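Notes follow the structure.
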Amino acid sequence: MMTLGLALMGMTYGPLGTIISELFPTPVRYTGSSLAFSTAGILGASLAPYIATWLAKNYGLHTSAIT
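The structure is reproduced here in structure tokens:
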């Protein structure tokens, strides 16, 4: 199962560098792709704690796996 997950992740992130770099003209390609990737990572990662806090507040911190 882990192999399948890593393969899917590789297929997702593999072409990402090419797709992002093609969005920018050659003189600013490195800076543009770096800023786009970093900004997307910051915005995406900043939502995780808020979602986790909301889930913990609304559904509690108990786990259903341990009975």
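Per our numbering, the very first residue in the sequence shown carries number 450; after that it's consecutive.
We put the CB at the ideal spot given by N, CA and C, even for glycine.
The structure presented is a predicted model; accordingly, all values stated were derived computationally and were not measured.
Check                                                                                                                                                : Outcome
Among the residues of its own chain, which have a CB less than 8 Å from the CB of W503, if the five just before and after it don't count?            : none
Who are the near neighbours of S482 in its chain, counting only those whose CB is closer than 8 Å to its CB and skipping five residues on each side? : G466, I469, S470, L472, F473
Check whether the Cβ of A497 sits closer than 6 Å to any heavy atom of the ligand COA, and report yes or no.                                         : Summarising the ligand content, the structure contains no ligands, and the ligand COA is consequently not present.
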